[in-house]
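Heads up: the sequence shown runs through residues 0 to 245, numbered per numbering that gives the first Met the number 0. Scroll down for the structure; my scribbles are underneath it.
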Amino acid sequence: MVQVIILAAGKGTRMGSDLPKVLVPLKGRPMIQYLLDSLVDSKVDQRPIIIVSKENEKIIKQTLKDYRAQYVIQDRQLGTGHAVSCARNFVKNETEKIIVLYGDHPFLKAESIVKFAKLEPEAVTIMPTILPDFSGWHHNFYGWGRIVRNSEGKVEAIVELKDANFQEREITEVNPGFMCFDKKWLFENIDKLQDDNKAHEFYLTDMIKIAFLQNHQIETLAINPQEAMGINSPKELEIASNLKSL
């Protein structure tokens, strides 16, 4: 059984909106609805867990009242790793795999969710995207975490831009944030996350380094850049509005 967790606690401040970020309209609809529609079509999880904040819980619940979901409050904004750990007591016992998605990524397709759910991670599988470069609209991806591989081509870490050195910043395989975990492994190891980074947050992406150091094979399922695109600014919202999909 697969349980999907959708991170949706972010504010809309950078979007210049009073709405929670995931409710900012894209082509007339709250952006999270596109992701939820893909999830419904995938039939992977008909009642996902949506992580919200105390401040945005009521309006998100009301806006998404036509969707089946379970809401979990992240009481403090301590990072993506902390957000997922908040869901620990709400995941069903029979769950074998956990897929983490983001409510501000409206282009992810049902077919990709299905493929992702079929993978059998030893610990964790990720869904990166590979860019030719960071020019044009691909510059939107420059701020994303870089997929770091060792000399054998194995994924060993995801390094966030603010923590990346010059060489790592040149890497064009980047992380949209979609991850599929073996549930047992995830919750046995998530408390090992530390906030010793420039943002002082618990990054879910640091689970990759933990898995690598435990000698787990970290598989990847690459998707195209448009499908991976997230929306973090008014400019990115404008670009997304002009893309052909949706």
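Backbone N, C-alpha and C define an ideal beta-carbon position, used for all residues, glycine too.
Going by CA-CA distance only, name the one from the options that's closest to residue i.
i, options, result
"A7", "V21, T128, S84", "V21"
"C179", "A68, C85, I112", "I112"
"H104", "D181, G176, N196", "G176"
"V173", "I189, W143, F165, D181", "W143"
"I207", "E200, H138, Q216", "Q216"
"E249", "G152, I5, E95, K108", "Residue 249 is absent from the structure shown; the chain starts at 0 and stops at 245."
"M14", "S240, L236, L242", "L236"
"L203", "F89, M0, T124", "T124"
"I98", "I59, I209, C85, L118", "L118"
"I5", "A86, I222, P127, Q61", "A86"
"D17", "S134, I58, V39, Q213", "I58"
Please list, in chain order, all residues of the same chain as residue i whose beta carbon is under 8 Å from its beta carbon, the five residues on each side excluded.
i, result
"V147", "V154, E155, A156, I157, V158, E167, I170"
"K114", "L220"
"L25", "Y33, P105, I230, L236, A239, S240, L245"
"F201", "L77, G78, T79, G80, H81, S84, L192, Q193, D194"
"N88", "none"
Counting along the chain, where does the beta strand (DSSP E) carrying residue i start and finish?
i, result
"G144", "144–148"
"L100", "96–101"
"T124", "123–125"
"I5", "1–6"
"Q69", "69–72"
"E172", "172–174"
Are the CB atoms of residue j and residue i within a distance shorter than 7 Å?
i, j, result
"D44", "V3", "yes"
"K191", "D162", "no"
"I50", "Q73", "yes"
"K182", "E95", "yes"
"S52", "A109", "no"
"E246", "M30", "The structure shown does not extend to residue 246, since the chain is modelled only from 0 through 245, so no value can be given for it."
Once you ignore the five residues that flank residue i on each side, which residues in its own chain have a CB closer than 7 Å to its CB?
i, result
"R46", "R67, A68, Q69"
"A210", "A122, V123, I217"
How is the alpha helix (DSSP H) around residue i delimited, first residue to last?
i, result
"L35", "30–41"
"A82", "79–84"
"F186", "182–188"
"E237", "233–241"
"V113", "109–117"
Output needed for residue i: all residues of its chain with C-beta closer than 6 Å, excluding positions within five of it in sequence on either side, in chain order.
i, result
"I189", "S84"
"D205", "L192"
Give a yes or no on whether the minimum CB-CB distance between residue i and chain C is below 7 Å.
i, result
"G27", "The structure shown contains no chain C; it holds only a single protein chain."
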